[in-house]
Amino acid sequence: MYARKQKTGIYFLGYLLFDLIILLTIFYLRSNTEVSNNSRYLFMDTSNHIIAVVEILAYYSYFFFLLWHNTKDSSFLYKKLFACLLSTYMIVLVLSLIFNWHKFFFLIDAFGFILLILPCLIYYKKYILNTESSIKLTQRPSFWIVTGVFFFSCMSLPFYLGEHFLSFSSKRQFNLLAPFFYYTPLALNYFSLSKAFLCKKILTT
Amino acid sequence: MQKNLNDIVIFFIIVSGVIVLLGGFVISLVILYRKRQKHFVEEMEQVKLAHANNLLQTKLEIQEQTFQHISREIHDNISLSLTLARLQLHIFDIKNEKLADEKLQLAGTLITKSITELNDISKSLDGNMIARQGLLAALEAEMELLQKTTCLKINFEVTGNPLFLESSSELVIFRIIQECFNNIIRHAGASHGSLLLHYDEKNLKIKITDNGKGFDIKKATTVSRSGLKNMEDRTRLLDGQMNIESRFENGSVFIFTIPMENKWKKEKQ
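Protein chains in written order, with this note's numbering: chain A, 1 to 205; chain B, 1001 to 1269.
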């Protein structure tokens, strides 16, 4: 509730709400036997990518506030560079959805996660290694948000890459493992976001 | 089947390796951050302590200055006046009415003068003047005192929108100005001086001028523990800047620029 007072907080709440709606829809579709398997998988596939877009937009709007708010120095160049990379990712994703490039989805997803990992590394270098502060690390909302998305991206990257490879050779076992490797990083990310909100400080602290 | 098992094992190893690396990376970041934070907090404590020591030093110097002034006043003026008053009463002859009247009047005048001077001294003993009445009132009293006790004529002017600053900042500013005038009186041989305080939105500008003999700025600032060095240190304590212009036989100009950020208390009523 504290997060809604800030712009970045509103973006995060929007992303979480959207994610929740999609999740509930998927649960409904799974429980509803009238819906065909094809339609269900199509919806899940498409919604996953839409969530990825909303998620990456929410995190990048946060990173722009946190890391590259200054327009007078080199951070402006970083802002431009990452804006270009983000635009490229969005365009490729939209095109792949339109033209149904199933074969390349895993690469696009991996690229999306790398796009999330890079600003995290910049944050760690800028604010953890090169800045001195009297605020405890665990009381900094930015640390929780960035660590959450960093963990989520780093754990999901091998999973999404492995999925492409394993899903053809060991489908049954993979379907047993997938929920753990999919939901655990997600849960950690949501936990970190909640921790960040509970710090009751400006989210870019 | 064996291939499937191998795939799963490889997959597990990769993901576990990633998790362990991530965990190690974040833990090492946290440890490094804590070390830097501890070092930073220690540095801040030292800076606070140095600041407190400086403030205490400033208060002691103001006190010392006041005591010196009191001692001088008592010795040069009050003691002399009372001695003269005693002399008048000693040689007082009640038989000579006219002379007696004169002597009594003179003794009365001298005693009144001593009482006035003692009252002035008691005001200057009020160490809390800056805290209670503010910097401007304290400076007015100080300039009045200097004009009374020395040959220096001082023009005191305040422009802009005066603000009350924190007592500690005002104390340091008062000491800088006091020290500057001490130097003018002791070394410059000036007959006229001026003190201008200008308050604007961002800074307090203090300009002190005199028509004395001037001095070599480089030589004066390189001597350790010199008055100029003290003024420079105190100005830096307030995140301010000190500029000096001086030419031989052409007087000196001291300009202090003190930023007001985080120092203001409330607007002057």
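Glycine included, C-beta positions come from ideal geometry on N, C-alpha and C.
{"Check": "Beta-carbon separation (whole angstroms), B/V1018 vs A/C154, contact threshold 8 angstroms", "Outcome": "6 angstroms"}
{"Check": "Simplified DSSP assignment, three categories, for B/E1245", "Outcome": "strand"}
{"Check": "Bridge partner(s) assigned by DSSP for B/D1120", "Outcome": "Per DSSP, none; premise fails for B/D1120."}
{"Check": "Rounded distance between the beta-carbons of B/I1062 and B/Q1178, thought under 8 angstroms", "Outcome": "7 angstroms"}
{"Check": "Contact list for A/C154 against chain B, beta-carbon separation under 7 angstroms", "Outcome": "V1018, L1022"}
{"Check": "DSSP state of B/T1159 mapped onto helix, strand, coil", "Outcome": "strand"}
{"Check": "Chain B contact for A/T147 (CB, 8 angstroms cutoff)", "Outcome": "yes"}
{"Check": "Start-to-end residues for the alpha helix (DSSP H) that takes in B/Y1199", "Outcome": "From DSSP, B/Y1199 is part of no alpha helix (DSSP H) but of the beta strand (DSSP E) over 1192-1199."}
{"Check": "Cutoff 8 angstroms: A/E55 Cβ touching any chain B Cβ", "Outcome": "no"}
{"Check": "For A/T205 and B/R1036, the rounded distance between their alpha carbons", "Outcome": "17 angstroms"}
{"Check": "Per-residue DSSP class, three states only, for B/N1006", "Outcome": "helix"}
{"Check": "Cβ-based neighbour list, B/E1249, same chain, cut-off 8 angstroms, excluding 5 preceding and 5 following", "Outcome": "K1213, G1214"}
{"Check": "Residue(s) in a DSSP beta bridge with B/S1252", "Outcome": "B/D1210, B/S1246"}
{"Check": "Bridge partners - A/T138, DSSP secondary structure assignment", "Outcome": "DSSP output for A/T138 lists no bridge partner at all."}
{"Check": "Contact belief for A/A58 with A/F111 at Cβ below 8 angstroms, rounded distance in angstroms", "Outcome": "No, A/A58 and A/F111 are not in contact; Cβ-Cβ is about 18 angstroms, not under 8 angstroms."}
{"Check": "Any chain B beta carbon closer than 8 angstroms to A/G162", "Outcome": "yes"}
{"Check": "Expected contact under 8 angstroms - CB spacing of B/E1245 and B/V1253 to nearest Å", "Outcome": "4 angstroms"}
{"Check": "Spatially closest choice to A/P179 from A/F159, A/A196, A/Y190, A/L198, by CA coordinates", "Outcome": "A/F159"}
{"Check": "Chain A contacts made by the segment 1173-1205 of chain B, where a contact means CB separation under 8 angstroms", "Outcome": "none"}
{"Check": "Supposed close pair B/L1152, B/S1191 - CB separation, criterion 8 angstroms", "Outcome": "7 angstroms"}
{"Check": "Environment of A/L24 [buried if 16+ CB atoms lie within 10 Å]", "Outcome": "exposed"}
{"Check": "Three-state secondary structure (DSSP) of B/L1271", "Outcome": "There is no way to answer for residue 1271 of chain B, as the model of chain B reaches only from 1001 to 1269."}
{"Check": "B/N1203 and B/I1258 closer than 8 angstroms at C-beta", "Outcome": "yes"}
{"Check": "Residue-chain proximity (A/L186, chain B), Cβ-Cβ < 8 angstroms", "Outcome": "no"}
{"Check": "Under 8 angstroms from the C-beta of B/I1014: neighbouring residues of chain A", "Outcome": "P158, G162"}
{"Check": "B/S1122 vs B/I1154 beta-carbon contact at 8 angstroms", "Outcome": "no"}
{"Check": "For A/G162 and B/L1021, the rounded distance between their alpha carbons", "Outcome": "18 angstroms"}
{"Check": "C-beta neighbour in chain B for A/S133, strict 8 angstroms", "Outcome": "yes"}
{"Check": "Nearest-angstrom Cα separation, counted from B/L1196 out to B/D1210", "Outcome": "12 angstroms"}
{"Check": "Through-space distance from A/M44 to A/R30, alpha-carbon basis", "Outcome": "10 angstroms"}
{"Check": "Simplified DSSP state of A/K200, which is helix, strand or coil", "Outcome": "coil"}
{"Check": "Beta-bridge partners of A/P119, as assigned by DSSP", "Outcome": "According to DSSP, A/P119 bridges with nothing at all."}
{"Check": "Per-residue DSSP class, three states only, for B/I1014", "Outcome": "helix"}
{"Check": "CB contact below 8 angstroms: B/L1049 versus chain A", "Outcome": "no"}
{"Check": "Interface flag, A/L118 vs chain B, CB-CB below 8 angstroms", "Outcome": "no"}
{"Check": "Contact with chain A by B/Q1046, beta-carbon distance below 8 angstroms", "Outcome": "no"}
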